[in-house]
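Below is one structure; the comments refer to it alone.
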Amino acid sequence: MEGSSNIPSDLSWVALTSTQMPVWLDLQSGANPSSYIIGGYIRIPSRIDPVRFERAVGIVIERNDSLRLRFHDRGPKQRIEFATGSSVEFIDLSEDGAPDAAFRNYLRYEFPKPFNLATRVPLFRITLARLEQELWYCVLKFHHLIADGFSISLVFKQICEVYNGVAEAMPARFSHSSYMEFVRDDDAYVKSPRYRRDIEYWSERFSTIPQPLFPARADYPRSPHPEFHPAIKWELPWSMYQELVEVTKARGTTPFAAMLGLLGTTLMRMRGTADLVIGVPVFNRGSAAARRSIGMFAGAMPVRLRIKRTTTLHAVIAGAASQLRRDFRHQRAPINEVIRRLDLPRQGRWRLFDVMLSFEPNDYDVRVGDATVEAFGHVAGYEINPLAVYVREYNKGRPVAVDFAFNPAHLEHHTVTDLQRRFVALLQHYVADPDSWLSTVSILSTEERVLLLAASRQTEPIIRSEFPSVVSLIRRQVMARPGA
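With my numbering, letter number 169 in the sequence shown gets 174, and the count goes up by one each step, no holes.
Here's what the structure looks like:
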């Protein structure tokens, strides 16, 4: 294997970073290991030389120490070791009668398989699948302890540049990208006055805490891990996304703030609460070196929204943007320490939020040989949060993928489907008329409006027993206030 490492194999064990610790603690408390598998796949419409590709992967492994992390089996510690292999698997599906279906089946069953932290096996896997002579898929699968979403895009870019021969002339660009530099920086941060100020900010911000949006379902059978559940997918057309970009730019906000405000409004309308918390991943790469490095840098930040019912869509989004600006000044505070400081476990709560919004504008506009690739994020199907919405802008000009992943112990499929449909309706309203008043914006589907209209025309008695059902009570309210 080409290249060499200047990191000794007997490097001392070091503590996990504050961004790694929440993942490690979740795993120690019994979280499903498949919940922390992240990655996706790349469509490559070109011939691939597998030997050359494997060689490129090997070089990238040696140049990035986070890809060689090993974790202690008796505590939250880690160290770098020499590379033990290229971690590339090749599968040939070209002889299968339905190669695309075979590839989907591979993703369904192989992608969620967890890594074993107690062994020296690499904590990532790259699979190169051939469907046709000039159509390949590259699957990128990582344990979240060693990489975040941005890192995965960096891994693929580096592989492509080595494969294409570009990196050979620029060795300094990739040489020895060290996650250990972030480990040292993070240790300094945790011991600094800034850390204490950040924790104090969140303690004051959550002196009172909203109730969970999606508590555990009483009717769901108890089991150590949630069952497999694929995400509900939607594609935001590129043209509409560009309209969203233009509207937010003209009004001094961002697409991310718009997504956050619209998701919050959807939850407010569905759950009947105007005070809610949504978790958002944070970049945590303050230096140019960190922005080039592969590793687990990302943390999670709780954003509290208070949404007035008597306001406009733009006002909600402007409020979300303003709140984000204030919160981002304290984004490095590790979420597990915030939870501990708020003493949530004593109250029987282990999370500050049960909805995540992950906005991922990662650049996958790269080439393999002469071909331009197309990237797709993939959800393993074992979401740890009650609800997580992944918005992935990976390739310019292509639809933005929006996945609604959920935990069936908290949410049913039809509820998430309704939520997704209403979120889309609000997004369409906002792009068409940002100044729409919430009170005038309908997020009901055509079918739901027909049902409500039929109920409002109901003439026979609604209450038929001494103990009316919840459905009949709702129907009575619809009849009394059909315009509500």
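Cβ coordinates follow ideal geometry from the N, Cα and C atoms, glycine included.
What you are looking at is a predicted structure, and each value in this text was computed from that prediction instead of being measured.
Rounded separation between residue i and residue j - CA only
i: S180; j: F108; result: Any answer about S180 is weak, because its pLDDT of 49 lies below 50 and its placement is not dependable; what the coordinates show is given next. Answer to the nearest angstrom: the Cα atoms are 34 Å apart.
i: Y246; j: I131; result: 31 Å
i: D15; j: E86; result: Here the model assigns D15 a pLDDT of 47, short of 50, so the residue's position is not dependable, and the following value carries that caveat. The alpha-carbon atoms of D15 and E86 are separated by roughly 7 Å.
i: F288; j: I479; result: 44 Å
i: Y114; j: S92; result: 18 Å
i: F120; j: V144; result: 15 Å
i: S71; j: F129; result: 10 Å
i: R73; j: G35; result: 25 Å
i: L159; j: G44; result: 12 Å
i: S212; j: S363; result: 25 Å
i: H415; j: P220; result: 6 Å
i: L431; j: A437; result: 10 Å
i: G4; j: W207; result: Residue 4 lies beyond the residue range present for the chain, which begins at 6 and ends at 489; the question has no answer from this structure.
i: P215; j: L265; result: 17 Å
i: V195; j: R68; result: 28 Å
i: A172; j: A294; result: Reliability fails at A172, whose pLDDT of 49 lies under 50, so the model's placement of it is uncertain and the value that follows must be treated cautiously. When rounded, the distance between both Cα atoms is 17 Å.
i: R290; j: V483; result: 51 Å
i: E100; j: A106; result: 12 Å
i: I467; j: T420; result: Any reading at I467 needs caution, since the residue's pLDDT is 43, under 50, leaving its predicted position unreliable; the model's value is listed next. Taking the straight line from one Cα to the other gives about 26 Å.
Beta-carbon proximity of residue i to residue j, cut-off 9 Å
i: S183; j: S298; result: yes
i: I237; j: F411; result: yes
i: Q83; j: Q25; result: yes
i: P435; j: H335; result: Correcting the residue type first, residue 435 is Tyr in the shown sequence and not Pro. No.
i: F428; j: L249; result: no
i: L241; j: V446; result: no
i: A338; j: D191; result: no
i: I389; j: D54; result: no
i: V378; j: R48; result: yes
i: G386; j: P226; result: no
i: F333; j: M306; result: yes
i: H149; j: Y46; result: no
i: V371; j: E166; result: yes
i: R311; j: P439; result: no
i: P5; j: D423; result: Outside the shown range of the chain (6 to 489) lies residue 5, about which nothing can therefore be said.
The alpha helix (DSSP H) enclosing residue i, as first and last residue numbers
i: L272; result: 260 to 276
i: A305; result: Looking at the DSSP string, A305 is not in any alpha helix (DSSP H); the run it does join, the beta strand (DSSP E), is 304 to 311.
i: L431; result: 418 to 437
i: E166; result: 154 to 168
i: R256; result: Neither: R256 is in no alpha helix (DSSP H) and is coded neither H nor E.
i: R135; result: Counting along the chain, R135 falls outside any alpha helix (DSSP H), though it belongs to the beta strand (DSSP E) covering 129 to 137.
i: P198; result: 198 to 210
i: I340; result: 340 to 346
i: F108; result: 104 to 115
i: I322; result: 318 to 333
Segment limits, beta strand (DSSP E) that includes residue i
i: I42; result: 42 to 49
i: F381; result: 379 to 382
i: H148; result: 140 to 148
i: S23; result: Per DSSP, S23 belongs to no beta strand (DSSP E) and is neither H nor E.
i: Y491; result: Residue 491 lies beyond the stretch modelled for the chain, which goes from 6 to 489, so this question has no answer here.
i: D97; result: 93 to 97
Whole-Å CB distance - residue i paired with residue j, under 8 Å assumed
i: G382; j: E398; result: No, G382 and E398 are not in contact; Cβ-Cβ is about 10 Å, not under 8 Å.
i: G300; j: F161; result: About 15 Å separates the two Cβ atoms, so there is no contact after all.
i: A134; j: Y168; result: Actually they are not in contact, since the Cβ atoms of A134 and Y168 sit about 16 Å apart, beyond 8 Å.
i: P81; j: L21; result: 5 Å
i: K254; j: A279; result: Contact flag wrong, Cβ pair sits at about 28 Å.
i: I283; j: V321; result: So it is not a contact: roughly 13 Å between Cβ atoms.
Residue i Cβ short of 8 Å to the ligand COA heavy atom set
i: R372; result: Among the components of this structure there are no ligands whatsoever, and the ligand COA is therefore not found.
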